[in-house]
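Working notes, beginning with the structure itself.
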Amino acid sequence: MTCALQATKESTLKSILSALWNLSAHNIDNKVAICSVDGALGFLVSTLTYRCQTNSLAIIESGGGILRNISSLIATREEYRQILRDHNCLQTLLQHLRSHSLTIVSNACGTLW
């Protein structure tokens, strides 16, 4: 997760987030590791509104997929829920329900669930 926070190239960020999406799906220890990185949750929320020059949705989809996967852990920790509130995550997720990308809609539904 630290690498994602430090990534300066969009292609690098896209690859890192894609890998984290996969890693966060299979292991509670990975979810804990992602959430424990200082600034990680706020950063992941910021990926939900990422704008790139090519209009690719890959970063938004991956960031949303990670949040969906770690949402079960976020739900158990008040400090994690507060970080999402502080970054207006709910409003962003509600906007995602109107996306033309089914992946974005699915991730928003899974996170809100």
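Using the UniProt record's numbering, count along the sequence shown one by one with no gaps and you end on 113. Glycine included, each C-beta is placed from N, C-alpha and C at the ideal position.
In this structure, the alpha-carbon of residue 71 lies about 20 Å from that of residue 50.
The beta carbon of residue 52 is closer than 7 Å to those of 10 and 59 in its chain, skipping five residues each way along the sequence.
In summary, residue 16 is buried, with 16 or more beta-carbon neighbours lying within 10 Å of its beta-carbon over all protein chains present.
In the DSSP assignment, residue 14 falls within the alpha helix (DSSP H) that extends over 10–24.
Residue 8 has its alpha-carbon roughly 24 Å from the corresponding atom of residue 84. DSSP places residue 29 in the uninterrupted alpha helix (DSSP H) bounded by 28–36.
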